[in-house]
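Chemist:
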Amino acid sequence: MAGSVLAPVPTSAAPTAKGRLRRSLRSRRTRSGLLNGAPIVVYLLVLFVYPILSTLLLSVKGARGGLTLHWYADALSGANLGVLLTTLRISAETSLISVVIGFLLAYAMSRLRPLWAGLMMLIVVVPHFISALVRTYGWIILLGDHGVVNGLLVDLHVPGAPFQLLYNEIGVIIGTTSVMLPYTVLLLYAVMRGVDRRLLAAAASMGAGRLVTFRRVYLPLVAPGLVNAAVLSFILCLGYYLTPALMGGTKQTVVAALIDDQVMKQNQWNGAAALGVILLLLTFAGLSLLRLARAIGANARQRGAA
Amino acid sequence: MIGLRSTWTGRICLAVASTVILLFLVMPIVVIVVTSFGNDALGSFPPHSWTLNWYHQLFAPGSKWPGALSLSVLVAAITTVFSLVLGVTAATALVRSDLPLRSAVYGLVLAPLVIPQVVIALGLFLLFDPAAMLGSPIAIALGHTVLASPIAVLILMATLRGIDERLEDAAASMGAGRLTIFRRITFPLAAPGMVAAAVFSFITSFDEFFISQFLSSVDTTTLPVQVFNVLQYDVDPTVTAISAVLIAVAVLALALVGVVRRLGSGRENGLLPVDSAAALPGNEVP
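Chains as they are written, first to last, in UniProt numbering: chain A, 1 to 306; chain B, 1 to 286.
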């Protein structure tokens, strides 16, 4: 779409780039675009790009001026490195579970009649717009030693009940997964709706078993959605700390919580900035991975078509 | 016919799994609403006896909730105005005109949705701290607009794409001026989308935590920050009631969007706004 807009209108006289620019600037649509586009661009440059750049700058500034990587060395050693690894672990676990559970739910939705699918979609989307903080609090009530879940497990005589479900990693994963799940369900549902069921029928008609059809036909068709959902929920988890802070123990401190602590309690801005930049780099790495996966997918499709 | 649901056992397994997953999404919300009416607001579910006591206590003298609530509403209202202005202009630029570097602008607009919010919050803190603007409602609203405006842009872009430009051309051909066209054609058609954009901007700001946390001061805390502090440091049973209020606000806001869409252009699938899905990042990554 961007290509078609940016592509110059072909004219009989071969225009130079400069002439083309001048002509397009003269057009009313371009002027209106610049006029209307300016406010948000300026706004985001001042209140989004500039603050992030100044964070970047702060993270390499030495105590007596000059450039240093000292803060990064700090952020990547000792207890701070442990926090970073914890963040990566919790994000990976959450994203994996969200994708698996989201796959089941999206699959069920994609096979239902539109009315039921719509109702289920409502149940998925409405919680998404309710504060994550509030939902986390709900989980704290549910998962306590005398909470609903443990009460149910004790009543069912599950061996070992009541379990410790709060202030450890289980609690954090449960809470964070319920926050990320709407994203994965929506992304996967969109892909599954687009799957041509006739392809599956064709595979079956040629004698493929159910498992083979699923593995060789269905899974490759929804793979782009799976990659998308996994990487995005991973990225969103990286900077998320409400649930880990409220439902985790000391072993579940995540980078974002550390940033908060360093700014608010220890006035250690440079260190916080370095941690922030590390989160940013991890996010970019994830987005590039997504782009790479898309390119590979497009390539494979092209080869398939040829 | 093919796949997991092809057999009865498969169907039943899938139905059970989906029910459990839906409960997983809904239970935390249900438990708060129910407990907020219970006598023992911090525990036992379902409660032994019922009371409205916690709601009365929200507004008791000395309670910190009214202040936090009014600050949150103020900040969310300012954010909504900022975000609508930026959203309408940006959506017009992206959908209705030839914008140089269009994909770069689009990428910039979507970026706040995927960048870790704590990083944005830290940057804004570094920006506003030297200006001595920490704790100012305007500063918090300026920060919230960074997160709310991309959502407004996405919703309004979808709205504008759904409006047939030929209607405006037709009006113009019959001699309507640009202002008349906007007032009589574009605006009425775009109104449901604008309501949706406004509501989602409001909710985004009202529920936002990270930026408020970094930009608030001791005596100005927004509602989410206050709730977080109570959950982390004190034990205060009124927090259940205020959480239920937050749930009610969100549900009412979504219902408003649904109703307006129904009444508006009379579009199909009125109950669930397609826009709410557009408000999720990821469908379109820069």
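No residue lacks a Cβ here, since even glycine has one placed at the ideal position from N, Cα and C.
As the structure is a computational prediction, the values presented were derived from the model and not from experiment.
Should B/I29 and A/I101 be called a contact, given that it needs their Cβ atoms to be closer than 8 Å?
Modeler: no
Chemist: Let me check one thing: in DSSP terms, what residues is B/G38 bridge-paired to?
Modeler: B/W50
Chemist: Nearest-angstrom Cα distance between B/I211 and A/P182?
Modeler: 23 Å
Chemist: Look up A/K251 in the DSSP assignment and give the residues it is bridged to.
Modeler: DSSP lists no partner for A/K251.
Chemist: Mapping the DSSP letters down to three states, classify residue 288 of chain B as helix, strand or coil.
Modeler: Not covered by the structure: residue 288 of chain B. The range shown for chain B is 1 to 286.
Chemist: Pull up the CB-CB distance for A/T94 and A/T253, whole angstroms please, since I reckon it's below 8 Å.
Modeler: The pair is not a contact, with the Cβ atoms about 16 Å apart (cut-off 8 Å).
Chemist: With 8 Å set as the bound, which would you pick, yes or no: does the beta-carbon of B/A148 sit closer than that to a beta-carbon of chain A?
Modeler: no
Chemist: Sorted by chain position, which residues of the same chain lie with C-beta nearer than 8 Å to A/V154's C-beta, five sequence neighbours on each side aside?
Modeler: A161 and P162
Chemist: What in chain B is Cβ-close to A/A273, meaning under 8 Å?
Modeler: Chain-order list of chain B residues neighbouring A/A273: L122 and L126, by C-beta distance under 8 Å.
Chemist: Within this structure, are the beta carbons of B/D98 and A/G37 separated by less than 8 Å?
Modeler: no
Chemist: With DSSP as the reference, label B/L14 as helix, strand or coil.
Modeler: helix
Chemist: With A/L165 as the anchor, note down where its alpha helix (DSSP H) starts and where it stops.
Modeler: Where A/L165 is concerned, there is no enclosing alpha helix (DSSP H), because DSSP gives it neither an H nor an E.
Chemist: Quick one, which residues of the stretch 174-198 of chain B are near chain A if we go by CB-CB under 9 Å, in chain order?
Modeler: none
Chemist: Any beta-carbon of chain B closer than 8 Å to the one on A/V154?
Modeler: no
Chemist: Report the residue ranges of all alpha helix (DSSP H) runs contained in full by the stretch 121-191 of chain A; include only those spanning at least 4 residues, in chain order.
Modeler: 132-143 and 148-155
Chemist: Just the Cα atoms here: how many angstroms apart are B/K64 and A/F103?
Modeler: 43 Å
Chemist: Would A/F234 pass as an interface residue toward chain D - the criterion being a Cβ-Cβ separation below 8 Å?
Modeler: The chain inventory of the structure shown lacks chain D, comprising the protein chains A and B.
Chemist: Cβ atoms of A/A293 and A/Y189: under 8 Å apart, would you say?
Modeler: no
Chemist: Run down chain A in chain order and give the residues with a C-beta less than 9 Å from the C-beta of B/Q213.
Modeler: D260 and M264
Chemist: So with CB distances below 9 Å, who are the chain A contacts of B/L108?
Modeler: One finds I40, V41, L44, L45, F48 and V49 in chain A with Cβ atoms closer than 9 Å to the Cβ of B/L108, taken in chain order.
Chemist: Which bits of chain B does A/P127 rub up against, with CB to CB less than 7 Å?
Modeler: L25, V26 and I29
Chemist: Measure the CB-CB distance between A/V134 and B/I32 and report whether it falls below 8 Å.
Modeler: Against a cut-off of 8 Å, the Cβ pair of B/I32 and A/V134 comes out as a contact.
Chemist: Does B/G3 pass the burial test, meaning 16 or more other C-beta atoms within 10 Å, or should it be called exposed?
Modeler: Reliability fails at B/G3, whose pLDDT of 45 lies under 50, so the model's placement of it is uncertain and no value is given.
Chemist: CB B/A68 to CB B/L223, shorter than 8 Å?
Modeler: The Cβ-Cβ distance between B/A68 and B/L223 falls below 8 Å.
Chemist: Using only CA atoms, which one of A/Q262, A/V124, A/R28 and A/F284 lies nearest to B/F125?
Modeler: With distances taken between Cα atoms, B/F125 lies closest to A/Q262.
Chemist: Beta-carbon of A/T30 versus every beta-carbon of chain B: anything under 8 Å?
Modeler: At least one chain B Cβ lies under 8 Å of A/T30.
Chemist: Since B/Q232 meets chain A, which of its residues come closer than 8 Å, beta carbon to beta carbon?
Modeler: A245 and L246
Chemist: Where does A/R301 fall in DSSP's three states?
Modeler: helix
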